[in-house]
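J.: If you read the sequences in order, they're chains A and B.
The first sequence lines up with residues 364 to 922 when you count with the working numbering.
The second sequence lines up with residues 25 to 340 when you count with the working numbering.
Virtual Cβ for every residue (Gly too), placed ideally from N, Cα, C.
My questions all concern the structure below.
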Amino acid sequence: MSNYWERYAVRRISRRRLLYGSGVAGAGLAGLALAGCGDDEEAPGGTQPPAGQTPGASPTAAPTEQPKRGGEVIFHLGGSPRSLDPHFDTFPYNTALTNNVYNGLYRFTPDLAEIVTDLATALPENPDQLTWVVKIHQGVKFHNVDPANGRELTAEDVKYSIERQSTNEPGKFQHAYFFLGKLDGIDTPDKYTVVFRTKRPYAPMMSYLASPWTLIINRETVEKYGDLTQHAVGTGPFIFKEWQKDVHMKAERNPDYWKQGLPYVDRVTWLFATDPDTAATMFIQKQVHAVIVSQPQLDRVRSARKDANYKAVPSQFWRQMRMPPTTKDQPYQPPFSDPRFRQAVVQAVNPEQVLDLVYAGDGVRAFGPILPIYEYWALPEELPEHKFDLANAKKLMQAAGVTSFRGPMIWATNPQADQIGEILKQQLAQIGVEVELQPMELAAYYNQTYSYKYTFSHHVPLNNPDPDENLSSYFGRNSTYYKHYNEEIFDLIDQQSQELDRERRRALVLEAQRKIVLDFPMKFMFTTNLHEFTDPAVKGWFYHTDLYDGRIETLWLDL
Amino acid sequence: MTEYVIRRLLLAIPTVLLVMFATFMLLRLVPGDLVELMMAENPYATEEDRARIERELGLDKPIPQQFAVYLGKVLRGDFGHSPWTGRSVASELQDRLPVTVEFGFMAILIGLIIALPVGILSAVRQDTLADYAARSFAILALSVPYFFTALLLIVFPSTWWGWSPPLTYKPWSAGPIDHLYYYFWPALLLGVGLAGSVMRMTRTMMLEVLRQDYIRTAWAKGLRERAIITRHALKNALIPVVTIVGLQVGTALGGTIILESIFNIPGVGRYFIGAIFQRDYPSVQGVVLVLAVIVVLVNIVVDLTYGWLDPRIRYG
């Protein structure tokens, strides 16, 4: 933003000089517009379908209109990042910026159907099950700003970035688990080749290499500032300009971007607005080009902005109703030790009714630990033993010899979660399970839930593109988000994480999910929709299915 | 006078210490802790990791020892660093405090601009239509929460008329008019909320003063109404009003917390909310300390204005 006082001073100094300056600026813009009639991005190398059966639209799908150069695109973000360091933060407010300042080796297509190359020239070669050879583009330059000063990116930078990301400091390096303990080493036989050696066959490797958090950073910037909390210098399409806490982030077009012709827009601004009604108003008032709203704001935005592009997308955050966590030393206690009781609880819960009453049916069902948005890995339909069936639930209670049970249910309180608690209480009461409702403030709830000592809870976990994280961190041998002791399930989860053949891995993932579902540790309920809007002027881009992926290099404005 | 100010400042020290201690203890006594939240963002963090984080943040020490360390740092001007962002709390407050203070000041100013004339009018025209209207306005201002009116202002005008108050922060560098206009609507909402009690107090005090003998004497001498009201009545009626305004500084600063989120104002309030939910102990402690100091200082200033309003008051 230009400074008012500077503009005022300029007006006072010389009006004639200003007019002269405007003429020059106008000519410059015209030149830029001509230069903007450039190439579409051609993703070099191959693609790999890691998470979907059918290749979907590529992020650079052939446009029907010629992209135009110039303009400023303005996004809404629901909050300010805690840090600009991609290795520290875990919120998508961070990746909105960092995904455009840095590049990764690979990335997911917006529909998560494929993994495509970014800095890598092709998909990795696997000479054996433990080795991943990645070749990177030559001539990729860091931004021409201090301290990188346009230096060429090499394999050493990739090695440095992955090793830094893998720093063993949970609470700080939050994405270390992608590679920490999994890699045996990283070699750089030449300037443009990186060789990852894993300790065991590591199936999630590609997903994590394509993660929006696995970005290639600049060593000199880390060394100069200590970390990347407030600085960002990468090889990406935009150069970081400004981060004003709780107000905005700004970036400008990288004129030397290594993907010729990209990006199209000159400037990008992310405005922070935490209140959802305020965010909706900003889009209605055309103060931002893109916004994601929830169900309460949906009708207002749709009726006020009939011109906008709109899509409803199931959220990666979803709802489970859990029963007590178990470990080897903390097995199920009666009546939960009887699987018929657990199944009765599962079949007494009607997620469709909850979804209808609380969210006006605005969402989709989950049938297992992996959401249907990850179509390739998810259970295609609900297992009969898991379906809502009140009559069978009552029969199971009878068979288990349980006439009544009383126990507390905890959750992180908010108006909608509180309604869910009320409805679950009514549903479970029909089989004689009396629930005492105990809503808790988020931090207090975390304390309770991560003590693994509770009777019932309803919880909002996050699903990720790779199935391993959705299975192992909840049902795996070393899980921490939840604990369910079942050696057979542990073995299946371990096997899938080491199976590099995609089809065989899928079979193991589905089998593990079936085992989990039929062990009745919880009711897999639903996910609600996010409502994504863009201004009609926004072309060549729409929100990524993975909310954390913020890349916009192909976006252009039809102004 | 100087001696009085020094005495009041010295007496403020235990108050501030008490606030610091209460904040420090309450943060650690409420269920849910910082380390748990940090661990919750990592799917494979272990108990060893927890111990290490606690050690690094000094949370493994007994609470009295933690408080002593914190107090020592604060006395040296070090409010600590946010465990989430690594930024110093002092620099965060430096960025945000002027925004909140300006917003709060504008709200109180607008509140006074509304409340004083309306309160005076209401007293002078007691039991007339103007008085009833003014009293109804005061009750409305007191009873309708400002965050509710704020949401109405955000939601409906944009839908009906395609208008909304400015929602993008405009610093002074964007121009004084834009800057002041940006603050105007939230300050108006908060100011109206504050105006109710000031208006009622002004009316009550004015009614009391207008019945005094010296006012009757002034009328008998044939002084003009404006002179009687402004020069003789209002000044004497203002002491309780000023007390209320002093107490409203705390309310105004509290009120900014919600309005800052609704109007995207980058002040202390938004920062404070985030810090509470994330159990960011140093940030919460820093914000509460600074706000407590402001409230204490403002109330000292309020006490000092009594002497100006009524020269019979002596500070001894």
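What is the DSSP secondary structure of residue 839 of chain A, reduced to helix, strand or coil?
T.: Residue state, collapsed to three classes: coil.
J.: With which residues is residue 672 of chain A paired in a DSSP beta bridge?
T.: Residue 672 of chain A pairs with A/897.
J.: Taking the straight line between their C-alpha atoms, what separation do you get for residue 34 of chain B and residue 910 of chain A?
T.: Cα-Cα distance, rounded: 54 Å.
J.: For residue 576 of chain A, which residues of its own chain have a beta-carbon under 6 Å away from its beta-carbon, when the five flanking residues on both sides are left out?
T.: 449, 538, listed in sequence order.
J.: Whose CA, out of B/67, B/281, B/290, lies closest to the CA of residue 206 of chain B?
T.: Nearest of B/67, B/281, B/290 to residue 206 of chain B, Cα basis: B/290.
J.: Quick one: measure Cβ to Cβ for residue 230 of chain B and residue 264 of chain B, integer angstroms, because I've assumed they're closer than 8 Å.
T.: Their Cβ separation, rounded to whole angstroms, is 11 Å, which puts residue 230 of chain B and residue 264 of chain B out of contact at 8 Å.
J.: Is residue 540 of chain A close to chain B? Criterion is C-beta to C-beta, closer than 7 Å.
T.: Judged by the 7 Å Cβ criterion, residue 540 of chain A is in contact with chain B.
J.: Is residue 891 of chain A closer than 7 Å to residue 722 of chain A when the C-beta atoms are compared?
T.: Contact flag set, yes.
J.: Rounding to the nearest angstrom, what Cα-Cα distance links residue 196 of chain B and residue 45 of chain B in this structure?
T.: Roughly 37 Å separates the two Cα atoms.
J.: Pop quiz: residue 811 of chain A and residue 566 of chain A are said to be a contact at Cβ under 8 Å. What is the actual Cβ separation, rounded to whole angstroms?
T.: Not really, about 33 Å apart at Cβ, beyond 8 Å.
J.: Could you tell me the distance, in whole angstroms, from the CA atom of residue 760 of chain A to the CA atom of residue 704 of chain A?
T.: Cα to Cα, residue 760 of chain A sits roughly 6 Å from residue 704 of chain A.
J.: Run down chain B in chain order and give the residues with a C-beta less than 9 Å from the C-beta of residue 745 of chain A.
T.: Under the 9 Å cutoff, chain B gives no residues; its nearest Cβ is about 26 Å from residue 745 of chain A.
J.: For the beta strand (DSSP E) holding residue 231 of chain B, just list the boundary residues, first then last.
T.: Here residue 231 of chain B belongs to no beta strand (DSSP E); instead the alpha helix (DSSP H) covers 200-234.
J.: Given a threshold of 16 other Cβ atoms within 10 Å of its Cβ, counted over all protein chains shown, does residue 710 of chain A qualify as buried or as exposed?
T.: Classification of residue 710 of chain A: buried, given that the 10 Å Cβ count is 16 or more.
J.: Within 10 Å of its beta-carbon, does residue 446 of chain A have 16 or more other beta-carbons around it, so buried, or fewer, so exposed?
T.: It is buried - the Cβ of residue 446 of chain A has at least 16 other Cβ atoms within 10 Å.
J.: For residue 847 of chain A, which beta-bridge partners are listed by DSSP?
T.: Residue 847 of chain A pairs with nothing; no bridge assigned.
J.: Kindly list, in the order they appear in chain D, the residues whose Cβ is closer than 7 Å to that of residue 608 of chain A.
T.: No chain D is present in this structure, whose protein chains are A and B.
J.: Distance check for residue 912 of chain A and residue 924 of chain A, CA to CA, integer angstroms please.
T.: One cannot answer for residue 924 of chain A here, as it falls past the ends of chain A, which runs 364 to 922.
J.: Beta-carbon within less than 6 Å of residue 266 of chain B's beta-carbon, same chain only, minus the 5 sequence neighbours each way: which residues are those?
T.: Excluding positions up to five away in sequence, the list reads 326, 329.
J.: By DSSP, does residue 712 of chain A sit in helix, in strand, or in coil?
T.: Correct three-state label for residue 712 of chain A: coil.
J.: When the Cα atoms are used, what is the spatial distance from residue 442 of chain A to residue 635 of chain A?
T.: If I take the Cα positions, the gap works out to 5 Å.
J.: Just to confirm the assignment, what range does the alpha helix (DSSP H) spanning residue 277 of chain B have?
T.: Its alpha helix (DSSP H) spans residues 259-286.
J.: I'd like to know if the stretch 513-529 of chain A and the stretch 493-502 of chain A are in contact, where contact means that at least 3 CB-CB pairs between them fall below 8 Å.
T.: Short answer: they touch.
J.: In the DSSP assignment, find the alpha helix (DSSP H) that holds residue 686 of chain A and state where it starts and stops.
T.: No alpha helix (DSSP H) contains residue 686 of chain A, which DSSP labels as neither H nor E.
J.: Evaluate the contact criterion for the stretch 58-67 of chain B versus the stretch 266-283 of chain B: three or more CB pairs, one atom per stretch, below 8 Å.
T.: Short answer: they don't touch.
J.: Kindly indicate which three-state DSSP category residue 511 of chain A falls into: helix, strand or coil?
T.: Here residue 511 of chain A sits in coil by DSSP.
J.: With a cut-off of 8 Å, do at least 3 Cβ pairs link the stretch 489-498 of chain A to the stretch 47-55 of chain B?
T.: They do not touch, by the three-pair rule.
J.: Is residue 385 of chain A close to chain B, meaning its C-beta is less than 7 Å from at least one C-beta of that chain?
T.: Residue placement at residue 385 of chain A is flagged as unreliable, the pLDDT there being 33, under the threshold of 50; the coordinate-derived value follows with that caveat. Chain B contact via Cβ: absent.
J.: Just to confirm, is the Cβ distance from residue 887 of chain A to residue 729 of chain A under 7 Å?
T.: A contact, by the Cβ cut-off of 7 Å.
J.: For residue 830 of chain A versus residue 872 of chain A, is the C-beta spacing smaller than 7 Å?
T.: Result yes, Cβ atoms of residue 830 of chain A and residue 872 of chain A sit closer than 7 Å.
J.: How would you label residue 386 of chain A, buried or exposed, when you count the other beta carbons within 10 angstroms and need 16 or more for buried?
T.: Confidence in residue 386 of chain A is poor, its pLDDT being 32 and thus under 50, which makes the residue's placement unreliable; the coordinate value appears in the next sentence. Exposed, by the Cβ-count rule.
J.: When we look at the beta-carbon of residue 38 of chain B and count the other beta-carbons within 10 Å, is it buried (16 or more) or exposed?
T.: Classification of residue 38 of chain B: exposed, given that the 10 Å Cβ count is below 16.
J.: Among residues of its own chain, excluding the 5 on either side of residue 174 of chain B, which ones have a beta-carbon nearer than 8 Å to its beta-carbon?
T.: Excluding positions up to five away in sequence, the list reads 210, 213, 282, 283, 286, 287.
J.: What residues in the stretch 825-855 of chain A bring their beta carbon closer than 7 Å to a beta carbon of chain B?
T.: The residues in question are 832, 836, 841, 843, 844.
J.: Determine the contact status of residue 221 of chain B and residue 648 of chain A, defining contact as a CB-CB distance below 7 Å.
T.: Contact flag unset, no.
J.: What would DSSP say about residue 570 of chain A, mapped onto helix, strand or coil?
T.: In this structure, residue 570 of chain A counts as helix in the three-state DSSP scheme.
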